[in-house]
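Enquirer: Counting in the numbering used here, the sequence shown runs from 569 upward without gaps.
Provided herewith is a single structure, encoded as structure tokens, for subsequent inquiry.
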Amino acid sequence: MGDESENVNEPADAERQYQASLTKGRDLIGDALAWYTDATANAPARDDRSVVLDVLGAGYKYFWMIRGDEVTVCIDRSSRTDHVLPQEISGYAAFDDFEDDQSWMYANTFNVRTGAFHASINYRTMDADFAKTDVYDPPLPNSTIIWFQKVIATHVYRKAHPDAEVSGRLQSISREQVGNTQTLATIFMADTDRTAFEGGTVTLTEPDEEAIALLGSPNGRSALFALMDHMPGNGAVDIASVSFTEDGLVITYVYA
């Protein structure tokens, strides 16, 4: 049951984790509904330029790999990368002390044509530990990191392929091999028919309790923050569906 499996030993423990996600989800859904119906919320609360300035100002360095229509953006801030400039890299082991994708604080992939964002590596705990050691500010929200990576991925792809037609619009955020205990417990409790447990995929298209709990889970809530903080409001964008497997989540958006 994830990185903190000792906290989920009994069905009551899983229920407690689920209820925590549901409570958070209901709070966030209330905020999202207010944002959705706000007639003044046409422009994003945080535009792309502001996000870039926030991330760079916090000391993060970014590096990228372009593979077809997919761009992987790796982020770090520590003595490991202080001496290098942002640049294109050929692989995860581009610098000393970096062996693979697990070495990075954040390493996620955006498909500039389909709009699919795959959130693969998001080690906020590692970020926080390095911040204490290297005297950085606390980590930025995961939704800010994700949005920054989407912006950078679109920018470097357009620069490499100036004639390509890409919108850079975010269509979905997916997470696989989730290790967070609360998220896994929430998935387990939401999987009432044990479809995901047996290897299938469950897709929820209505804002029922299970969908709200999944959006309120630690691995789901960044999708709501990305919506409210970085997308145009007043009904321009909504969540179309929440899908889950035994250890994965996919939140899909729909544009008016």
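No residue lacks a Cβ here, since even glycine has one placed at the ideal position from N, Cα and C.
Need the endpoints of the beta strand (DSSP E) that N679 sits in, please.
Expert: Y674 to N679
Enquirer: What three-state label does DSSP hand G816 in the structure shown?
Expert: strand
Enquirer: DSSP three-state label for L772, please.
Expert: strand
Enquirer: Under a three-way DSSP split, which group does Y630 fall into?
Expert: In the structure shown, Y630 sits in a strand (DSSP, three-state: E or B).
Enquirer: Measure the alpha-carbon distance for D644 versus P612 and round it to whole angstroms.
Expert: 26 angstroms
Enquirer: If I follow the unbroken beta strand (DSSP E) through L613, where does it start and stop?
Expert: The sequence shown places Ala at residue 613, not Leu. Neither: A613 is in no beta strand (DSSP E) and is coded neither H nor E.
Enquirer: Are the CB atoms of V641 and T677 nearer to each other than 9 angstroms?
Expert: Yes.
Enquirer: Based on Cα-Cα distance, which residue from R743, R594 and T754 lies nearest to A687?
Expert: R743
Enquirer: Between the stretch 627-635 and the stretch 595-613, can you find at least three pairs of beta-carbon atoms closer than 8 angstroms?
Expert: no
Enquirer: If we count the other Cβ atoms within 10 Å of its Cβ and call it buried at 16 or more, is D695 buried or exposed?
Expert: Buried: at least 16 other Cβ atoms inside 10 Å.
Enquirer: Quick one: what's got a C-beta closer than 6 angstroms to E667's C-beta in the same chain, skipping five residues either side?
Expert: A661
Enquirer: Identify, in the order they occur along the chain, each residue of the same chain with its Cβ nearer than 6 angstroms to the Cβ of P786, setting aside the five sequence neighbours on each side.
Expert: N748, Q750 and T751
Enquirer: Suppose you measure from the CA of R681 to the CA of V719; what does that come to, to the nearest Å?
Expert: 13 angstroms
Enquirer: If L596 and L738 are in contact, beta carbons under 8 angstroms, what's the gap, nearest whole angstrom?
Expert: With a Cβ gap of about 18 angstroms, L596 and L738 do not count as contacting.
Enquirer: Give every residue of the same chain whose Cβ lies closer than 7 angstroms to the Cβ of V620, excluding the five residues on either side of it in the sequence, and list them in chain order.
Expert: F716 and V719
Enquirer: Does the stretch 763-781 come close enough to the stretch 725-736 that 3 or more CB-CB pairs lie under 8 angstroms?
Expert: no
Enquirer: Could you say which of V822, E777 and T773 lies nearest to L795 if we only look at CA atoms?
Expert: Considering only V822, E777 and T773, the residue with the shortest C-alpha distance to L795 is V822.
Enquirer: Give me whichever residues DSSP pairs with Q655 in a beta bridge.
Expert: F631
Enquirer: Kindly list the residues whose CB is nearer than 8 angstroms to the CB of S658, restricted to its own chain and excluding five residues on each side of it in sequence; keep chain order.
Expert: M633
Enquirer: By the three-class DSSP mapping on this structure, what secondary structure does R692 have?
Expert: helix
Enquirer: On the DSSP letters alone, give me the boundaries of the beta strand (DSSP E) that R743 sits inside.
Expert: S740 to R743
Enquirer: Do L792 and D616 come within 9 angstroms of each other at the CB atom, strictly closer than that value?
Expert: no
Enquirer: Between Q587 and D669, what straight-line distance do the alpha-carbon atoms span, to the nearest angstrom?
Expert: 33 angstroms
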